[in-house]
Each structure stands twice: as C-alpha cells, then as structure tokens.
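Taking it in order: structure first as structure tokens, then the write-up.
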C-alpha cells in the first residue's frame with residue numbers, strides 16, 4: 001500500500017489494525033468521490049518538510065472543494081502523529097514562462113499510471129517518470145527518442161542565463177547547483193542518488209520527479225561537479 005510505504009519511509013509504524021483499515025479505506029481508488037488534497041507537513045522528529053498528497057472523500061471536504069482554506073488539526077493515533085495544517089485545493093503550478101525542456105517532471109493530480117519521459121537538464125538526458133493522466137506540463141514525452149529529439153543538448157545553466165540576459169542580468173544570478181538543498185521531489189519512487197551537502201557528497205533517495213540540480217547519478221559525478229570548487233574556496237584537497 002503506498003500509504004504504508006510512505007509512512008514507513010518517514011520512520012513511522014502502524015500499531016492499530018482498525019486505524020490501518022480506516023486509512024486504507026480513505027485511499028480506496030474505486031471511490032468516484034475521492035479528491036486529492038495537498039499537505040505540507042513538518043515532522044519534528046526528522047526536522048524536514050515533507051510534501052504529501054492525501055486522498056479524502058468529497059463529503060468530508062465540502063469546504064475545501066468550494067475553494068475555502070481550512071485550518072485543521074490532524075491526528076493519526078496509530079503512528080503517534082499530531083499536526084496542524086492549512087488545507088486548501090491544490091493549484092497546479094504555471095509553467096507558461098519556462099522553456100519546455102526546463103520544466104520539472106509533473107505527474108499531475110490524476111491517479112492513472114502512464115510511464116513517460118521528461119528531460120532532466122541537470123543530467124542532460126531523458127528519464128522516466130509516472131504521469132497520472134491529467135494536467136502536468138509540456139516536458140512529457142511518450143518515448144525516449146521523442147524526448148531526446150526535442151531537448152537533447154539543453155542545459156539548465158545556458159538557457160537560464162539566456163533568460164536572465166533578456167530581463168536584467170544585474171539583478172539575478174545563475175544559482176550553483178552545489179549550493180542547493182537536497183530535494184527528494186513529490187513523486188514516490190525510490191531512486192538512489194547523490195547530493196553535495198556543502199562539505200562532501202552523500203546519498204539520498206530521489207522520488208523520481210521535481211527536485212533540483214543538486215542531484216547526481218553517481219558519487220563520482222557529484223564529486224567531479226562540486227568537490228573541486230568547494231575545496232578551492234576552503235584550501236582543502238578534493239574528495240578522493
């Protein structure tokens with residue numbers, strides 16, 4: 001069950017079968033009235049902000065479905081989590097001013113399972129992600145070949161610089177990927193990746209979409225990109 005895996009990844013465990021069944025019922029995909037609601041939760045034990053999608057039945061979220069923002073206290077007693085949250089309808093981001101091949105992988109809000117391809121400018125290749133069947137953006141292709149034919153050679157650095165030049169280069173700078181925080185993204189895959197933490201390269205789990213450019217397939221790629229520049233600033237030798 002995706003819910004159980006997600007909570008287990010957060011370090012949580014189930015203890016009450018009745019609550020476990022209740023959560024399973026909430027996630028019943030055969031319910032036509034279900035809606036996906038967006039939560040941003042701060043789990044204090046992990047000191048991390050997690051983006052999580054919960055699915056609730058419409059009758060339980062009438063105010064939310066009429067575009068009202070609701071303050072709520074949510075209790076999941078089986079895993080000992082109590083939190084307050086602002087609940088509101090999920091508004092898909094706008095990618096109107098972002099070039100097609102620089103748009104992040106966007107699964108959308110629907111629950112279908114379409115294996116698709118998107119161009120990842122940080123790795124300069126096309127990668128797979130799961131498209132839910134609605135919404136999303138233009139960085140989505142049915143085949144690897146179609147994706148590469150459209151986006152091959154696109155670089156986040158060069159295109160972002162061109163966009164800045166068109167506006168006002170004195171007000172913005174291209175952000176170094178090695179200074180970005182680790183970001184797992186909103187999808188639920190479990191892909192081992194590496195990121196630079198300011199001192200060295202470490203592993204983390206990438207969800208498969210979104211995230212940022214501080215995301216490398218191998219520790220060698222991470223160290224080659226980030227370790228030399230930081231060691232030069234500090235006077236230390238590169239990580240071996």
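In the UniProt record's numbering, the protein residues as written are 1 to 240. Just so you know, even glycine gets a beta-carbon here, dropped at the ideal spot from N, CA and C.
Who pairs with residue i in a beta bridge, going by DSSP?
i, result
"residue 201", "196"
"residue 116", "129"
"residue 144", "Answer by DSSP bridge pairing: none, since residue 144 is not bridged."
"residue 191", "206"
Determine the burial state of residue i: buried for a count of at least 16 other Cβ atoms within 10 Å of its Cβ, exposed for fewer.
i, result
"residue 144", "exposed"
"residue 134", "exposed"
"residue 207", "buried"
"residue 223", "buried"
"residue 106", "buried"
"residue 226", "buried"
"residue 32", "In this prediction, residue 32 scores a pLDDT of 38, lower than 50, which makes its location untrustworthy; no coordinate-derived value is stated."
"residue 118", "buried"
"residue 136", "buried"
"residue 113", "exposed"
"residue 93", "exposed"
"residue 139", "buried"
"residue 97", "exposed"
"residue 177", "buried"
"residue 48", "Because residue 48 carries a pLDDT of 39, less than 50, the predicted location of this residue cannot be relied on, and the following value inherits that uncertainty. With fewer than 16 Cβ atoms within 10 Å of its Cβ, residue 48 is classed as exposed."
"residue 193", "buried"
"residue 201", "buried"
Nearest to residue i by alpha carbon, out of the options?
i, options, result
"residue 191", "126, 94, 203 and 107", "203"
"residue 128", "147, 137, 138 and 112", "147"
"residue 187", "97, 138 and 110", "110"
"residue 149", "178, 95 and 124", "124"
"residue 198", "132, 104 and 179", "179"
"residue 115", "102, 142, 104 and 126", "142"
"residue 151", "120, 95, 131 and 130", "120"
"residue 218", "189, 122 and 153", "122"
"residue 126", "132, 102 and 108", "102"
"residue 99", "131, 193, 108 and 154", "154"
Is the segment 183-193 touching the segment 211-221 in the sense that three or more CB pairs, one from each, lie closer than 8 Å?
-> Contact holds: three or more Cβ-Cβ distances are below 8 Å.
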